[in-house]
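Final position of the first sequence in numbering that gives the first Met the number 0 is 411; the numbers increase by one with none missing.
Read through the structure below, which is laid out as structure tokens, and then see the notes.
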Amino acid sequence: MTPVQPVRGTQSLLGEDADRLATVVAAFERVRRLYGFKRVEVPTIEQTAVFARTIGETTDVVSKEMYSFEDRGGESITLRPEFTAGICRAYISEGWQQHAPIKVATHGSAFRYERPQKGRFREFRQLDAEIIGSGEPQADVELLGFAEQLLRELKIEGAILKLNTLGDPETRSAWRDALHEHFRSRASELSDDSRARLERNPLRILDSKAHQDWPVVDSAPVIDDFLTDEAADFFGKVTQGLDAAGIHWERAPRLVRGLDYYRHTAFEFVTDRLGAQGTVLAGGRYDGLIESLGGPQTPAVGWAAGIERLAMMIEVPARETSRAVLVPLGERAEAAAQRILADLRRTGVAADMAYRGNMKKRLSRANDAGAAYVIIVGDDELDRGEAQVKNLATGEQRAVALDDLTAAVIAA
RNA sequence: GCGAUCGUAGCUCAGCUGGUUAGAGCACUGGUUUGUGGUACCAGGGGUCGCGGGUUCAAGUCCCGUCGGUCGCCCCA
């Protein structure tokens, strides 16, 4: 038996896989500033009620996927399964309301107790962007622009924006009732899974993967027939804004979102490159959420993206390399090399030192590290106040005065 | 929670219908080159065959259980 094992569904990454995640986060941070979203930090843990009340008691996320535990004070605490609820809690309890409307963004780990599979982990990382306190369709457009530009900068091809509206509360409940009626009348034609969804969450039958359900789904009532004038107008303004901004989208009239808090705009960027986990970034408008946490009626829109899923789709990131690697030979040389190394780093030159093994080994390590130069320091060189600088690409080597090392290594 | 599949060296894997000291490539260490890499050659270290039990004269190989990985269902980023 292995002495220690990682917790199921957690990851420990080194090298390319770790670099991929960092690349995604770096792009997110860059685009975030372009769109004027403020960086925020929120706790990894919240009182369980924060998630239970907002996400929906009947959703799988709340009913079976939360990492909840009782702390020593007897309080029920939950590891965040997403960011939105925690950010809204902070909006209320930290006085962020005074800055409304606010555009905020964050990223970090989230936790869901699920069976791991491709693109899905128990501890996973999300990017998150929210606009709180803004009920205008322009907010939806701006938020989608952020998402679209992020995916574009990550060079993720083939992720298409599927867009729908769930309407306002009246729309949604009228449509839901009609769907419920429709599916119930034809329950015998539905798959077992969908029959189970009938009472719990009839909307989800719409995106059932079972072929058996297709005919019933195709003939189901469509949201457009239930939209109030206001809801239709809002959606029209969102789509016009997207068109004006040059953001491509596809209408997905059967797109619904799993979490209870969504209203009006709902969207997903989907791909066929990640197996069963095609959704790479998703979100929507959640005008009722903050109220459900005891705050004032506050309109808001947001999205979340799976960092691991994005990381699987980007090109291999460029390797991080040192500009120069020092190879000291002998104790006196090691002390001198420490000095040179510190000087190089303080002047902004990425440098490293190979201090074990024979010379062949050390040069080999410098080569593996992708260094442009190797600086060889031995007693002979020290006595002359110089070091050997070798260009690993060309193989050429020359003596350079210790004082000129930084310049020699910076110069192309 | 359900289903399928896999689990042999640090990594990727081979090991045929059960049969002597379990192999390869890469990586690692040393050497060919007492201070010169990227190529090549030589040598070396490293394995309770996930774990537990069972069948058998004999189990890495068959059976059961268990833990873990992977992929799918549900659901979701």
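We put the CB at the ideal spot given by N, CA and C, even for glycine.
Closest by CA to Ile101, which one among Gly283, Leu328, Pro298? Pro298
Find the nearest neighbour of Tyr90 within the set Leu226, Ile130, Arg322, judged by alpha-carbon distance. Ile130
State the DSSP-derived secondary structure class of Ser62, mapped to helix, strand or coil. helix
Cβ atoms of Arg308 and Leu340: under 8 Å apart, would you say? no
With a CB to CB cut of under 8 Å and the five nearest residues on each side skipped, what residues in its chain are close to Ser75? Gln46, Thr47, Ala48, Ser67, Phe68, Glu69
Assuming the contact rule is C-beta atoms closer than 8 Å, Thr164 and Thr264 should be a hit. Round their C-beta distance to whole Å, please. 6 Å
From Met311, Gly394, Gly294, residue whose alpha carbon lies closest to that of Ser92: Gly294
Touch test, the stretch 321-329 against the stretch 366-384, Cβ-Cβ under 8 Å, three pairs minimum: yes
May I have the straight-line CA-CA distance separating Pro115 from Thr9, to the nearest angstrom? 9 Å
Taking the straight line between their C-alpha atoms, what separation do you get for Ala407 and Val315? 31 Å
Give me the Cα-Cα distance between His106 and Thr58, rounded to the nearest whole angstrom. 23 Å
Suppose only complete runs of 3+ residues qualify. What are the beta strand (DSSP E) ranges in the stretch 246-325, listed by chain order? 262-269, 278-284, 299-305
List the whole-angstrom C-beta distance separating Gly301 from Ala128, where the pair is believed to meet the contact cut-off of C-beta under 8 Å. 6 Å
Can you tell me whether Asp232 is buried or exposed? The criterion is at least 16 other CB atoms within 10 Å of its CB, across all chains shown. exposed
With Gln97 and Ala303 assumed to form a contact (beta carbons below 8 Å), what rounded beta-carbon distance in angstroms separates them? About 25 Å; that fails the 8 Å criterion.
Measuring straight from C-alpha to C-alpha, what distance separates Ser207 and Ala21? 34 Å
Jot down the residue ranges of each uninterrupted beta strand (DSSP E) in the stretch 77-127, minimum 3 residues, whole runs only, in chain order. 101-110
Below 8 Å, can you find three or more Cβ-Cβ pairs linking the stretch 147-162 to the stretch 331-350? no
If we ignore side chains and look at the alpha-carbon of each, how far apart do Gly157 and Ile313 end up? 12 Å
Whether Leu149 touches Phe27 by CB criterion (8 Å): yes
Do you know how far the Cα of Arg31 is from the Cα of Ala17? 21 Å
Would you call the stretch 32-46 in contact with the stretch 243-255, where contact means no fewer than 3 C-beta pairs closer than 8 Å? no
Between the C-alpha atoms of Ile54 and Glu290, what's the straight-line distance to the nearest angstrom? 13 Å
For Gln148, which three-state DSSP category applies? helix
Cβ neighbour criterion (16 or more within 10 Å) applied to Met65: buried
Pair within 8 Å by beta-carbon distance, Gln137 and Gly283: no
What did DSSP end up calling Gln10 once you bin it into helix, strand or coil? coil
Could you have a look at Leu343 and say whether DSSP puts it in helix, strand or coil? helix
My output table needs one value for Asp70: the three-state DSSP class, helix, strand or coil. coil
Pro201 beta carbon less than 8 Å from that of Arg428: In this structure the chain extends from 0 to 411, so residue 428 is not present and cannot be described.
Less than 8 Å separating the beta-carbons of Leu391 and Ala410? no
Extent of the continuous beta strand (DSSP E) to which Lys389 belongs: 385-390
Given a cut-off of 8 Å on the beta-carbon distance, is the pair Arg331 and Leu381 in contact? yes
Please state if the CB of Leu292 and the CB of Arg121 are separated by a distance shorter than 8 Å. no
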